[in-house]
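In numbering that gives the first Met the number 0, the protein residues as written are 0 to 435.
Cβ coordinates follow ideal geometry from the N, Cα and C atoms, glycine included.
Worksheet: the structure to be examined is printed underneath.
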Amino acid sequence: MCMVLVLAVCTAELPAIVPDAPIDVRAFGAAADGKTDATAAFAQALSAAAARGGGTVTVPAGLFLIAGSVSVPTGVTLQGTWAGPHHGAWKQGSTLCLTGGRGKEDGPAAIQMGASSAVRGLTIVHPEQTLDDVQPYPWAIRGGGMHCTVENVTLVNSFQGIAMGPGSNELHLIRNVFGCVLRRGVLIDGTTDIGRIENVHFNPHYWMRAEFPGTPGVWRVPGADGKTETRHPQWYMQEHLDAFIFGRTDWEYVLNTFVFGAKVGYLFTETRAGMANGNFLGIGADWCTTCVKVEASQPMGILVTNGEFVGHHGCESAIEVEGKGVLQLCNSNFWGFQKRNVRLRGEDAFVSLNQCIFRDWGPVPEDAAVVEASGGALTVQGCAFMRPRRHIALGEKVKSAVIFGNTFTGAPAIENAAKGDVKIDLNASYVPAKAK
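So this is what it looks like as structure tokens:
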């Protein structure tokens, strides 16, 4: 009896083994020479992975020209060689050279992601982009549906980086993305359930130091008397770049993000889909024209903790809040050359400043205070104003304000012209010790 059972087990037909090895794009004819259009080969490899129920399509080290647009289907990962972002190493690892859509920022994204798909480990460069004649391009990556993931990607010189939306999407994850972006960095819109952005860093030196052919480290333009003026790439960015853009998103979680040299570091606006609310921890905007601009938000508002904000010489205000925006800032620092640090201009807006340090600001125009409110409601509590000047100015249309428990260098300079309910109490003057 035992022998019969053993024979039955040994002779039973085993289930077929489904191949699950990653698919190499070279198997479909993709050439890693940066000259041969690999769009069709990538599309075929991605479709093959989808046809077998999902899987990974690998992009080996080399330069791959994408002159069109490819789609990453549901359940498929487009995987390069990089385990993390890098700096100036475009000749190593997996590099996609994007040329499609030149001159059309509203064209199809170079990489369109389906639900539950991922893009990882890639360097993305626009080899035909130049600083003396910046051209629009579509988004490098756009996601839609649920659970799109972008990780360990370096954007060398993207006109537009990564968009989630404006079509319906939920639960996106954008993590470990570094690079230089020229017009838009990350756009979030149409998100109806919690998305996450972590460890994203934008700085012009990712283009300046890339050292690929035809990419200068500076932007040269015609100047006076027929001479050529030399400008840093941030000059273009400070006039054009909205680094992080938030339209409709419910409960966005943003952690450890940074931008240097943008027109607007973090922009909150209203789109057809709606407005944002969310949690922003450890965010930074350096040398920006405006660090944070809230044009609109959901009533729950924007929660910012551990922020660092620095404006350049042309910065009117590091923080601008308009319309019906709600912004709550906690434990944040301000320094740099901005004329003002916070300006509240929305009649129905609300700003709360809690345990913030206003360390420095630039030239002091007669009409500027460190914190200004011309309308809305304002709370300033437990903050430190480190230089003597006009500290807080409340305009006539301010509906309510609480200025409580703050420390001022010199006498508190608080101007109250508000017709609304204002409470000012328990503020202290601090006279720093003279240097020995």
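Counted within 10 angstroms of its Cβ, other Cβ atoms place residue i as buried (16 or more) or exposed
i    : result
G189 : buried
V8   : Residue confidence is low: V8 scores 42 on pLDDT, short of 50, so the model does not pin down where it sits. Its coordinate-derived value is still stated next. V8 comes out exposed.
T268 : buried
D285 : buried
A434 : Since pLDDT at A434 reaches only 42, below the 50 mark, its modelled position is unreliable, and the value read off the structure follows with that caveat. By the neighbour-count rule (16 or more Cβ atoms within 10 Å), A434 is not buried but exposed.
S296 : buried
L240 : buried
K338 : buried
R51  : exposed
A15  : Caution applies to A15, whose pLDDT of 35 falls short of 50 and renders its modelled position unreliable; the model cannot decide the point.
F63  : buried
L425 : exposed
E319 : buried
E127 : exposed
Q91  : exposed
K422 : exposed
K323 : buried
Closest Cα partner of residue i within the set the options
i    : options                   : result
F201 : I423, K323 and G264       : G264
L393 : Q111, I413 and H125       : I413
K418 : A272, T98, E395 and K338  : E395
R183 : N175, G144 and Y235       : Y235
A383 : G375, D366, Y429 and G345 : Y429
A139 : A30, G106 and H146        : G106
A20  : G260, G54 and V199        : G54
A48  : H85, E307, N332 and T73   : T73
G102 : P137, I161 and G335       : P137
E251 : R271, D347, F259 and A275 : A275
G381 : P387, I391, T406 and S373 : T406
W89  : F177, P411, F158 and S116 : F177
A31  : H85, F308 and C96         : C96
R389 : I402, V379, A367 and A400 : A367
V325 : N175, F259, S331 and M299 : M299
N255 : V350, E238, A261 and N278 : N278
Supposed close pair residue i, residue j - CB separation, criterion 8 Å
i    : j    : result
L328 : C355 : 6 Å
V180 : L154 : 6 Å
V58  : L45  : Going by Cβ atoms, the distance from V58 to L45 rounds to 11 Å, so no, they are not a contact pair.
I110 : V75  : Going by Cβ atoms, the distance from I110 to V75 rounds to 12 Å, so no, they are not a contact pair.
E315 : L343 : Between L343 and E315 the Cβ distance is about 13 Å, and since that is not below 8 Å, they are no contact.
H146 : A108 : So it is not a contact: roughly 18 Å between Cβ atoms.
T248 : G166 : That belief does not hold up - the Cβ atoms of T248 and G166 are roughly 13 Å apart, past 8 Å.
A42  : A29  : Not quite, the Cβ-Cβ distance comes to about 10 Å (not below 8 Å), so this is no contact.
Enclosing beta strand (DSSP E) for residue i [first to last residue]
i    : result
F158 : T148 to E169
F41  : Here F41 belongs to no beta strand (DSSP E); instead the alpha helix (DSSP H) covers T38 to A50.
N198 : R195 to F201
G264 : V263 to F267
V69  : V69 to V71
N255 : T248 to F259
G61  : G61 to I65
T289 : T289 to V293
L425 : Neither: L425 is in no beta strand (DSSP E) and is coded neither H nor E.
V24  : Neither: V24 is in no beta strand (DSSP E) and is coded neither H nor E.
T304 : I301 to T304
N- and C-terminal bounds of the alpha helix (DSSP H) containing residue i
i    : result
H204 : H204 to M207
Q237 : Q233 to H239
In the region 332 to 419, which residue ranges form an unbroken beta strand (DSSP E) of at least 3 residues, counting only runs that do not cross its ends?
339 to 343, 349 to 353, 370 to 380, 391 to 403, 406 to 408 and 413 to 415
In the region 87 to 143, which residue ranges form an unbroken beta strand (DSSP E) of at least 3 residues, counting only runs that do not cross its ends?
93 to 97, 110 to 112, 117 to 119 and 122 to 124
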